[in-house]
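**Q** Chains as they are written, first to last, in the working numbering: chain A, 734 to 890; chain B, 179 to 864. By construction, the Cβ of each residue, glycine as well, lies at the ideal position given by its N, Cα and C atoms. Given the structure is predicted, the values throughout are model-derived calculations rather than measurements.
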Amino acid sequence: MAAEIIQGLNSYFTFRLGTELFAVNIGNVTKILGLIEITKVPNSPRYFKGIINLFGDVLPVFDGRLKFGFSETVNTRNTCILVLVFEMNGQAVLSGIIVDSIEKVLIFEPEQINPELTAGNGYKSEYIHGIATLNDELVIFLNIDKIFSEDEISLKI
Amino acid sequence: MISFVEKFKDEVGEYFERLESGLLLLEHDPDNQKVIDEIFRIMHSLKGSGGMFGFDLISEVTHDLESLYDLFRSKTQKVDSEVITFTLNSIDSLKKLMVQEPTSDHRIMAEQMIAETQQQIARITNSKYIPGSHILLLPNSSDQPAANQTTYFISFVPGENILINGTNPLYLVDELNALGECNIQVSFDNLPHLSQIDPLKCYVSWTLFIATVENIETLHDVFIFVADNAQVQIEKVSSENVISNENVLAGFLNAKFNNEHWIPNEADVLVSEKNGKKLELDEKAEAELLLKSSADSINKTFFAQTSVDSIRVDSRKIDQYMNLVSELITTQSRMELISSRHKFPELEQLTETFEKLIIQLRDNAFYMSLIPIQSVSVRFKRLIHDLSKLLDKEVELVTEGMETEVDKNIIEKLMEPLLHIIRNSMDHGIENRTIRLAKQKEPVGKITIKALLIGSYVQIEIEDDGAGLDRDRIYEKALSSGILSDQDKMSDEEIYQLIFESGFSTSTLLTDVSGRGVGLDVVRKRIQEMRGSIKISTEKDRFTRFTVNLPLSLSIIDGLLTTIGESYFVIPSSVIRKIYTVKHELLIKDFRKEVELDGFQLPYINLHEVFESEKQVPEDQFVVVVSYGIQLFGLVVDEVLREYQAVIKPLGSMLKGQDVFSGASILGTGQLALVIDTKKLIQKYS
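1) By the 10 Å Cβ neighbour count, where 16 or more other Cβ atoms means buried, how is B:Pro-347 classified, buried or exposed?
2) Hey, is A:Gly-751's beta-carbon within less than 7 Å of any beta-carbon in chain B?
3) Quick check: the Cα distance between A:Gln-845 and A:Leu-787, rounded to an integer number of angstroms?
4) Assign B:Glu-641 to one of two classes, buried (16 or more other C-beta atoms within 10 Å of its C-beta) or exposed (fewer than that).
5) Report the rounded CA-to-CA distance for B:Lys-857 versus A:Val-774, giving the unit in angstroms.
6) DSSP state of A:Glu-820, grouped into three classes?
7) Can you give, in chain order, each stretch of the alpha helix (DSSP H) that sits fully within the stretch 773-827 of chain A and has at least 4 residues?
8) Kindly list the residues whose CB is nearer than 8 Å to the CB of B:Tyr-381, restricted to its own chain and excluding five residues on each side of it in sequence; keep chain order.
9) Go through its chain and collect everything with a Cβ distance to B:Gly-841's Cβ below 7 Å, but skip five positions before and after it.
10) Please name the residue or residues paired with A:Lys-764 in a DSSP beta bridge.
11) Using a Cβ-Cβ cut-off of less than 8 Å, give me the residues of the stretch 819-842 of chain B that come near chain A, in sequence order.
12) State the Cα-Cα distance for the pair A:Gly-829 and B:Leu-596, rounded to the nearest angstrom.
13) What number of angstroms, rounded off, separates the C-alpha of B:Lys-306 from the C-alpha of B:Pro-208?
14) List the endpoints of the continuous beta strand (DSSP E) containing B:Leu-249.
15) Is the shortest distance between the beta-carbon of A:Phe-801 and the beta-carbons of chain B less than 7 Å?
16) Would you call B:Asn-443 buried or exposed, if buried means 16 or more other Cβ atoms sit within 10 Å of its Cβ?
17) Say whether chain A places a C-beta atom closer than 7 Å to the C-beta of B:Leu-698.
18) Over the uninterrupted beta strand (DSSP E) stretch that includes B:Phe-330, give me the two end residues.
19) Taking the alpha helix (DSSP H) that B:Leu-525 falls in, what are its first and last residues?
20) Three-state secondary structure (DSSP) at B:Gly-812?
21) Assuming B:Glu-797 and B:Lys-761 form a contact by the criterion Cβ under 8 Å, report the distance between their Cβ atoms to the nearest whole angstrom.
22) Indicate whether at least one CB of chain B lies closer than 7 Å to the CB of A:Gly-789.
23) Report yes or no: is there a C-beta of chain A within less than 7 Å of the C-beta of B:Ser-745?
24) Can you list, in chain order, the residues of its chain whose CB lies under 8 Å from that of B:Lys-571, leaving out five sequence neighbours each side?
25) Looking at chain A, is there any beta carbon in it that lies within less than 7 Å of the beta carbon of B:Gly-344?
26) A:Val-818 to A:Gly-797, Cα distance in whole Å?
27) What residue from B:Ile-362, B:Thr-281 and B:Leu-197 has the CA that sits closest to B:Asp-270's CA?
28) Do B:Ser-511 and B:Thr-847 have their beta-carbon atoms positioned less than 7 Å apart in this structure?
29) Could you tell me which whole alpha helix (DSSP H) segments of length 4 or greater appear in the stretch 606-665 of chain B?
30) What in chain B is Cβ-close to A:Glu-770, meaning under 8 Å?
31) Can you say whether A:Asn-822 is buried or exposed, counting buried as having 16 or more other CB atoms within 10 angstroms of its CB?
32) Pull up the CB-CB distance for B:Tyr-349 and B:Ile-394, whole angstroms please, since I reckon it's below 8 Å.
33) Does any C-beta atom of chain B lie closer than 7 Å to the C-beta of A:Lys-764?
34) Would you kindly check if the distance between the Cβ of B:Leu-780 and the Cβ of B:Gly-743 is under 7 Å?
35) Scan the stretch 824-845 of chain A for residues whose Cβ lies nearer than 9 Å to a Cβ of chain B and list them as they occur along the chain.
36) For B:Phe-721 and B:Gly-646, which I take to be in contact (beta-carbon distance under 8 Å), what is that distance rounded to the nearest angstrom?
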């Protein structure tokens, strides 16, 4: 499927996993889907939920909460699939991630994002691009390319 | 600009192909003027557009090649086989010169080519003692008396986009004006309103009468470079200069627009009879032929656009189209579901019509991605031509069923293996002339390439009438290289298949042609990767025949739709031997993982278990018996639903780490079914 990563935008898409607020650059977001039936791939890791039919193409879907070490997502009315596009081995790759809720699109200037505050949350620091505060709440900026780069799914024997 | 360069490169690739096929045609028919014209025209286009897009070397080299072909085009000299071979080699070099920023190596190569081309020109012209190779000699030279002027009618309708190619139609009109006395009318009929004018487009056309001493070919030549992008009609009006005789001209136009044949008046006939020259008669016959052949088209499409038989489409657009169609199928089945729930007769009827249309659309989309093998057959011809020169063997190529259509991706992947087989046949199969005569065979060898459709498979046969395989030599070689032990009992048939094993080459001396490290084992591997098979059959001193079987499309397979737990899985039909039902209890009791079916102990894998399905196992399960190499293996599934033609979608790079599932297929309901690679599955779980 043709997908393009748009670069150089200051708009960020925010969403929640559990109670934490995360942000990805809007250029990495292609679609938001309601929760639909996901076809399981046998013997795949638990955070890999399976595949769905995205307008005639196969889209792998991950559980965002499991991926970041929270407990497994419990589906609610607000649960949805965020379709992200990112670079993997020089190619644009699409992947879905299940999130608890979608928040807003916000504009952050580069100087508002503090790259120093990455440690201490228990996340792999390379997954995180920086942190900002918004109405007394922390917003965690994700480095999408890094998060999925090691994620070739292999099956258990 | 970049996209223009890409387009240009695409176009050049096509030019090269057309040049090659044209040259190969010329080899058998060196006087074919049409082909020579075509070659000349392509050279000219290469020269022009090469320069425009910054491929200067191409432009420089083709300049001289164009001069060379100008000699043949003007019938000054004849094409010989040396020129053909020279040009073919030049095309290969030109391909290497397709760079925008040439290095010094490129420059040297280009200079060498220019020198060689000039040598060719010198060779050809000197042998006939005609000095000044660049002079275009015309059959009718201008020193004929003015009385021999002929009047022609010319209609010149430039294509709308002619200006974009850098052609100025006015120059062409000027050129005509220089050839004789003209009566020119400009037509603004197609000129749109000012607000709708696109300044890049040409809206005007010309009709003109010309009285000239030149013949009709010269007039056609004026338009030679715009032939693809304009409609040009040239007709003879009279054998004398009637340009100032308004009555004749009006009569001609009247006849033309009333779709009548224009018959030159008696005076003309008298003139031509008086002249009584053969040349004149020929010309007249030619003009009449032209009139006749154009008569049909005039009737319908005098000023209409030329019809286009095919268009060039980016293959990604076709892929996209295919995706949309499969999405449409999915949506349609959802609609059917809703319609069957509501039971509105009108809606049901509509849904049914919809379904029929969509099935047609799907088939249509599928056939769109197929291209005929014909499109690559010039590469076979070229290889055989080159090799027969190199190996000094005369070979004739016979092709059958080249119109057979195969998925584009398959053709691309198939080319290398097929060319390798041909190389093999040329090198090891076909004997040279003396040996063939000694064997009382036809002195010229023959390679036959046949393609035909068998169900959803395409079969390609490559047969040579050469020496055949030497059974004993293969056998010995297999023994000595350890592929076989002398205890192995094998039929002749099986021995022949050994040449596909890796590390196998019976040729004692490696030649330049085959034996370049790529063996038939690689050929077999490539073909198997495309889910195809290859076989060889042979008879000593009679023939060697390679038979390649391939699925029509890489993306569609026949499969069996099954369920395991709550998910759907597809098992490819090609490996399925039998299906049995079996009680689940029977499988639980057996700890050796073997089940007795028809008196045989069959090893099995219960997919319900290995896929860790949480759903309750049904009482009756199915054993799908599949072949695994030479063994049989049972795959136990929960339910066998039906046969299913699966459009395989890749799982994407995230799932590359596994190979048990070769892809997924979208079911009518929009759900996904995973396609099982049985070989990998058995390897992994047994």
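**A** Inspection of the coordinates gives the following:
1) Buried.
2) No - not a single Cβ of chain B is within 7 Å of the one on A:Gly-751.
3) For A:Gln-845 and A:Leu-787, the gap between their C-alpha atoms comes out near 35 Å.
4) The residue is buried, with at least 16 neighbouring Cβ atoms inside 10 Å.
5) Between B:Lys-857 and A:Val-774, the C-alpha separation is close to 18 Å.
6) A:Glu-820 sits in a strand when the DSSP states are folded into three classes.
7) The stretch 773-827 of chain A contains these whole alpha helix (DSSP H) runs: 797-800.
8) In its chain, beyond the 5 residues on either side, Glu-338, Phe-366, Asn-368, Leu-369, Pro-370 and Ile-375 have a beta carbon closer than 8 Å to the beta carbon of B:Tyr-381.
9) Excluding residues within five positions, the ones whose Cβ falls inside 7 Å are Ile-826, Lys-827, Pro-828, Leu-829 and Val-853.
10) Looking at the DSSP output, A:Lys-764 shares a beta bridge with A:Val-816.
11) For the stretch 819-842 of chain B, which is checked against every Cβ of chain A, the residues closer than 8 Å are Lys-827, Pro-828, Leu-829, Gly-830, Ser-831, Met-832, Leu-833, Lys-834, Gly-835, Gln-836, Val-838, Phe-839, Gly-841 and Ala-842.
12) C-alpha separation (whole angstroms): 42 Å.
13) Because the pLDDT of B:Lys-306 is 46, which lies under 50, any placement of that residue in the model is unreliable, and the number read from its coordinates should be weighed accordingly. Taking the straight line from one Cα to the other gives about 18 Å.
14) Counting along the chain, B:Leu-249 falls outside any beta strand (DSSP E), though it belongs to the alpha helix (DSSP H) covering 234-251.
15) Chain B contact via Cβ: absent.
16) For B:Asn-443, the predicted model reports a pLDDT of 48, less than 50, meaning its position is unreliable and no value from the coordinates is stated.
17) Closer than 7 Å: no.
18) Residue identity differs from the one stated: residue 330 of chain B is Tyr in this sequence, not Phe. Boundaries of the beta strand (DSSP E) harbouring B:Tyr-330: 328-336, taken from the DSSP string.
19) Looking at the DSSP string, the run of the alpha helix (DSSP H) that includes B:Leu-525 is 523-546.
20) DSSP, read as helix, strand or coil, puts B:Gly-812 in strand.
21) The C-beta distance from B:Glu-797 to B:Lys-761 rounds to 7 Å, short enough to fall under 8 Å.
22) It does; some Cβ of chain B falls within 7 Å.
23) At a cut-off of 7 Å between C-beta atoms, B:Ser-745 counts as an interface residue with respect to chain A.
24) For B:Lys-571, where only same-chain residues beyond five positions count, the Cβ hits under 8 Å are Leu-565, Met-604, Ile-608, Glu-609, Asn-610, Arg-611 and Gly-623.
25) So, not an interface residue.
26) Each residue's Cα considered, the two are about 15 Å apart.
27) Looking only at B:Ile-362, B:Thr-281 and B:Leu-197, the smallest Cα-Cα distance to B:Asp-270 is reached by B:Leu-197.
28) B:Thr-847 places its beta carbon less than 7 Å from that of B:Ser-511.
29) Every unbroken stretch of the alpha helix (DSSP H) spanning 4 or more residues and falling wholly within the stretch 606-665 of chain B is given here in chain order: 611-616 and 649-658.
30) Residues of chain B passing the Cβ test: Gln-849.
31) So A:Asn-822 ends up on the exposed side.
32) Not really, about 20 Å apart at Cβ, beyond 8 Å.
33) No, A:Lys-764 lies away from the interface with chain B (no Cβ there is under 7 Å from its Cβ).
34) Cβ atoms of B:Gly-743 and B:Leu-780: not closer than 7 Å.
35) Contact residues of the stretch 824-845 of chain A toward chain B are Gln-824, Val-826, Leu-827 and Ser-828 (C-beta to C-beta distance below 9 Å).
36) Sure, about 6 Å apart at Cβ, within 8 Å.
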